[in-house]
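Protein chains in written order, with the working numbering: chain A, 10 to 280; chain B, 10 to 280; chain C, 10 to 280. Don't be surprised by glycine CBs; every beta carbon is placed ideally from N, CA and C.
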Amino acid sequence: MTNTNEFTRLLTLVRSQKPLVHHITNYVTVNDCANITLAIGASPVMADAIEEAGDIAAIASALVLNMGTLNSRTVESMLIAGKSANQNGIPVVFDPVGAGASSMRNEAAARILNENKVAVVRGNLSEIRFIAGLSANTKGVDASEQDGGDTGKIARKLAQKLGCVAAITGAVDTVSDGERTIYIHNGHPALSGVTGTGCMCSSLIGSFCAAAPNQAFEGTVAALLCMGIAGEMAYEKAGHIGNGSFRIGILDAVSKLDTNILNERMKYSEV
Amino acid sequence: MTNTNEFTRLLTLVRSQKPLVHHITNYVTVNDCANITLAIGASPVMADAIEEAGDIAAIASALVLNMGTLNSRTVESMLIAGKSANQNGIPVVFDPVGAGASSMRNEAAARILNENKVAVVRGNLSEIRFIAGLSANTKGVDASEQDGGDTGKIARKLAQKLGCVAAITGAVDTVSDGERTIYIHNGHPALSGVTGTGCMCSSLIGSFCAAAPNQAFEGTVAALLCMGIAGEMAYEKAGHIGNGSFRIGILDAVSKLDTNILNERMKYSEV
Amino acid sequence: MTNTNEFTRLLTLVRSQKPLVHHITNYVTVNDCANITLAIGASPVMADAIEEAGDIAAIASALVLNMGTLNSRTVESMLIAGKSANQNGIPVVFDPVGAGASSMRNEAAARILNENKVAVVRGNLSEIRFIAGLSANTKGVDASEQDGGDTGKIARKLAQKLGCVAAITGAVDTVSDGERTIYIHNGHPALSGVTGTGCMCSSLIGSFCAAAPNQAFEGTVAALLCMGIAGEMAYEKAGHIGNGSFRIGILDAVSKLDTNILNERMKYSEV
Numbered sequence: 010m011t012n013t014n015e016f017t018r019l020l021t022l023v024r025s026q027k028p029l030v031h032h033i034t035n036y037v038t039v040n041d042c043a044n045i046t047l048a049i050g051a052s053p054v055m056a057d058a059i060e061e062a063g064d065i066a067a068i069a070s071a072l073v074l075n076m077g078t079l080n081s082r083t084v085e086s087m088l089i090a091g092k093s094a095n096q097n098g099i100p101v102v103f104d105p106v107g108a109g110a111s112s113m114r115n116e117a118a119a120r121i122l123n124e125n126k127v128a129v130v131r132g133n134l135s136e137i138r139f140i141a142g143l144s145a146n147t148k149g150v151d152a153s154e155q156d157g158g159d160t161g162k163i164a165r166k167l168a169q170k171l172g173c174v175a176a177i178t179g180a181v182d183t184v185s186d187g188e189r190t191i192y193i194h195n196g197h198p199a200l201s202g203v204t205g206t207g208c209m210c211s212s213l214i215g216s217f218c219a220a221a222p223n224q225a226f227e228g229t230v231a232a233l234l235c236m237g238i239a240g241e242m243a244y245e246k247a248g249h250i251g252n253g254s255f256r257i258g259i260l261d262a263v264s265k266l267d268t269n270i271l272n273e274r275m276k277y278s279e280v
Numbered sequence: 010m011t012n013t014n015e016f017t018r019l020l021t022l023v024r025s026q027k028p029l030v031h032h033i034t035n036y037v038t039v040n041d042c043a044n045i046t047l048a049i050g051a052s053p054v055m056a057d058a059i060e061e062a063g064d065i066a067a068i069a070s071a072l073v074l075n076m077g078t079l080n081s082r083t084v085e086s087m088l089i090a091g092k093s094a095n096q097n098g099i100p101v102v103f104d105p106v107g108a109g110a111s112s113m114r115n116e117a118a119a120r121i122l123n124e125n126k127v128a129v130v131r132g133n134l135s136e137i138r139f140i141a142g143l144s145a146n147t148k149g150v151d152a153s154e155q156d157g158g159d160t161g162k163i164a165r166k167l168a169q170k171l172g173c174v175a176a177i178t179g180a181v182d183t184v185s186d187g188e189r190t191i192y193i194h195n196g197h198p199a200l201s202g203v204t205g206t207g208c209m210c211s212s213l214i215g216s217f218c219a220a221a222p223n224q225a226f227e228g229t230v231a232a233l234l235c236m237g238i239a240g241e242m243a244y245e246k247a248g249h250i251g252n253g254s255f256r257i258g259i260l261d262a263v264s265k266l267d268t269n270i271l272n273e274r275m276k277y278s279e280v
Numbered sequence: 010m011t012n013t014n015e016f017t018r019l020l021t022l023v024r025s026q027k028p029l030v031h032h033i034t035n036y037v038t039v040n041d042c043a044n045i046t047l048a049i050g051a052s053p054v055m056a057d058a059i060e061e062a063g064d065i066a067a068i069a070s071a072l073v074l075n076m077g078t079l080n081s082r083t084v085e086s087m088l089i090a091g092k093s094a095n096q097n098g099i100p101v102v103f104d105p106v107g108a109g110a111s112s113m114r115n116e117a118a119a120r121i122l123n124e125n126k127v128a129v130v131r132g133n134l135s136e137i138r139f140i141a142g143l144s145a146n147t148k149g150v151d152a153s154e155q156d157g158g159d160t161g162k163i164a165r166k167l168a169q170k171l172g173c174v175a176a177i178t179g180a181v182d183t184v185s186d187g188e189r190t191i192y193i194h195n196g197h198p199a200l201s202g203v204t205g206t207g208c209m210c211s212s213l214i215g216s217f218c219a220a221a222p223n224q225a226f227e228g229t230v231a232a233l234l235c236m237g238i239a240g241e242m243a244y245e246k247a248g249h250i251g252n253g254s255f256r257i258g259i260l261d262a263v264s265k266l267d268t269n270i271l272n273e274r275m276k277y278s279e280v
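This is the structure we're talking about:
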């Protein structure tokens, strides 16, 4: 079984190292991604020009590729940055936003997975089912409610296929490295009422992987525990006020998270 | 006269349907647009690649075209998405941000109106006067104070010319379908101190048109009632604190709007 | 010595003129830049298409060039806008985000400084050292802690070299026009925990330069006093809550700043 202390240790590590996390991400939630990266204790850099994507990835400690508002230029940048990260031993976190929703997205996802080695892939169930080659029913970029299925089985299978960590976020989050599988029970339904909570999960995963590149599984779990707990804390404080305050509360909570809060509130099960 | 109950019914409809609203919009306020779309109960998707603009529009229930930070690539995407929406019977909401401020904007607006059939056009008085072919005095993207004129007449004329709903937002909002004209008296001057309130109006209009594509007039009025009331509620709660809190209060209020609040606070007159 | 009343006078001037400030800036913090420009009393316009960059700059009262998420297209737009601003006597504020971090950024910065005449250049110590031709140690887009040095000397030297105002922001801000040098002691360490505070400084500088183009030195100092004081006020009010609320507090404070607050709280020294 994974040692609980490992998750709190990783949080302390992120806070002490302040690692640089390079993002090539969408322009919808990029500000939230930058701010949550700072709130957890890491340092964000966003740079998507083809001419510098490789240079910036090379000086970072992790690379987050998010295809939310991809275009033909940024897909090339993602591939170049991914190659540079691979060459430099820097972990790549891939967020296949909207995979299944258009041919362009499907092809971009396939190219990234074929041409780059990713350390972690994180998506909602629709996206991960598509990536896993299963039938998916993607409705825009939010998870389709029709998608059911055994998330543990899907994540485990995808992790084995890609040789990486696979994470499915939803009411319960599922993380597998192909052998171990952890279900995270923290979180709040209100998180689906705010844009970018998925993207922010990927930024947190990037932050943890940057601090401990050899512990992508534990880092991914720690990141999702942090997001889930932050969602609970934000809802307790601001859920009755409305979506705007709840969203600000997420950043507040992440910035105030410490090992005590994490220890007290984390809820997960391992199979 | 338009039945007041129609507006509350449409709000309930948006909340129950959670329709997908495709945006090709500017990167300044895109996060606010996504969050207000979620707050009213719809589901946003932002996608502007030429290769997928048509595919994404085809799976959405409404399309919002906002030319705030247009470039030569995204203008093409808007036209492709608009064509796809037209072919699929999906209503198009057009927000001609900054029309009149540059030749590029003027030509883009003309192409969109010539090549696409729009269901609703919404802008400030400067922009709508320009679109209507009247003399305009556009100062950047905010309404020029010098622009006066009878908004009802301008909106009615433009609605007839384009065969769509025309909405002019300002201290008083004006909505016309060429026959009926409604003036909305909700709102607060502080809304002009926050960026993106116009863009957010267009996202709300898109959300209502997505839920009831055959009621673009009523949907546009309902959307502007919601924004105006949210502005009042946000100011009551946070206006004394400052612009940042007021802005968050708008999202809070939209997410908490219900048929009772709408019924109690809506103020409009019909001519 | 610079007259203290000059700073409060300039704030009043911005508020009364509501000058238009054209930004070609990054998509990470662009919303914050627009909102802080409104909060200080100016009017933002963001437009980066090559086809209109010159037109929009020509109708603005200041131009802010920020290369945070530059790409080959927007670099051209910056150069065109800069040329238009120069021809029309409109002050250009240059924010060389991440200078030193990639060849592309270094070349873009060199082109902008060679082909455009800038009124103010503002960056953190890493960026300004790079621009000044000194050795820099740029870690992404945040200031590298290893960079020490006498900021007054560096700013003065750069100001003389470029014939402009040079500003280095950090724990203490330094502003020089090559003759006068002012150190600003307002501010709070929490500002480094939020993305975009540097970019927002540049937007405020643009707003002040727009209102008083012949007083770029005094305007830059006034802008940084405003940001520093807003950071202090935001921390007093919301620092204990977390990063999200602190960030909203910055906009609140800027919108509520007046000449009394500025007079009471400003802390600077002139050499």
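- C/VAL73 is not a Cβ neighbour of A/ASN40, given a cutoff of 9 Å.
- Under the 10 Å beta carbon count, B/ALA117 is surrounded by 16 or more other beta carbons and is classified as buried.
- Per the Cβ contact rule, the stretch 239-252 of chain C is not in contact with the stretch 61-79 of chain C (fewer than 3 Cβ pairs under 8 Å).
- Collapsing the DSSP output to three states places A/PRO53 in a strand.
- Just measuring C-alpha positions, the residue of C/GLU136, C/ALA180, C/LYS27 and C/GLY63 sitting nearest C/ASN115 is C/GLU136.
- A residue is called buried when at least 16 other Cβ atoms come within 10 angstroms of its Cβ; B/HIS197 meets this threshold and is buried.
- In this structure, the beta-carbon distance from A/CYS42 to A/PRO53 falls below 9 Å.
- Sorting A/LEU200, A/ILE33 and A/LEU171 by C-alpha distance to the C-alpha of A/GLY63 places A/ILE33 at the top.
- In this structure, the straight-line span from the alpha carbon of C/ILE121 to that of B/VAL106 is close to 28 Å.
- Looking at the DSSP output, C/THR190 sits in a beta bridge with C/SER185.
- Proximity of the stretch 223-235 of chain A to the stretch 207-221 of chain C falls short of the contact definition, fewer than three beta-carbon pairs being nearer than 8 Å.
- Taking the Cα of B/LEU233 as reference, the smallest distance to any Cα among B/LYS170, B/LEU213 and B/GLN224 is reached at B/LEU213.
- Using a Cβ-Cβ cut-off of 9 Å, B/SER264 counts as an interface residue toward chain A, since at least one Cβ of chain A sits closer than that to its own.
- For the pair of segments examined, the stretch 202-213 of chain A was found not to touch the stretch 94-101 of chain A: the number of CB pairs separated by less than 8 Å stays below three.
- With contacts defined by Cβ atoms closer than 9 Å, B/GLY132 and B/THR178 form a contacting pair.
- Under the three-state reduction of DSSP, B/TYR277 is assigned to strand.
- Scanning chain C for C-beta atoms nearer than 7 Å to the C-beta of B/ARG114 yields GLU61, reported in chain order.
- Around A/SER111, the beta-carbon contacts reaching into chain B at under 7 Å are GLU61, ASP64 and ILE65.
- DSSP lists A/ASP104 as the beta-bridge partner residues of A/ASN75.
- In this structure, the alpha-carbon of A/ILE270 lies about 38 Å from that of C/LYS276.
- Minimum Cα-Cα distance from B/ASN80 among the listed residues B/SER93, B/ASP261 and B/SER111 corresponds to B/SER111.
- At least one C-beta of chain B is nearer than 9 Å to the C-beta of A/ASN35.
- Three or more Cβ pairs closer than 8 Å define a contact, and the stretch 181-194 of chain B falls short of that threshold against the stretch 19-28 of chain B.
- DSSP places B/ALA110 outside both helix and strand once states are collapsed to three, so it counts as coil.
- At a Cβ-Cβ threshold of 9 Å, A/GLY251 and B/ALA66 do not count as neighbours.
- Residue pairing of B/ILE33 in beta bridges, as defined by DSSP: B/LEU74.
- Inside the stretch 197-272 of chain A, DSSP marks whole alpha helix (DSSP H) runs of 4 or more residues at positions 206-220, 225-247 and 252-265, from first to last along the chain.
- With a threshold of 16 other beta carbon atoms within 10 Å, C/HIS31 meets it and is buried.
- Our two residues, C/ALA108 and C/ILE140, have alpha carbons roughly 7 Å apart in a direct line.
- Taken residue by residue, none of the stretch 177-194 of chain B has a beta-carbon sitting less than 9 Å from a beta-carbon on chain A.
- Residue pairing for B/ALA175: DSSP places it in a beta bridge opposite B/VAL130 and B/SER185.
- For C/SER81, at least one C-beta of chain A is nearer than 9 Å to its own C-beta.
- C/GLN96 sits exposed, since fewer than 16 C-beta atoms from the chains shown fall within 10 Å of its C-beta.
- By the neighbour-count criterion, in which 16 or more other beta carbons inside 10 Å mark a residue as buried, C/ASP186 falls on the buried side.
- Within 9 Å of the CB of A/ARG256, the CB atoms of chain B belong to ASN44, ILE257 and LEU260, in sequence order along the chain.
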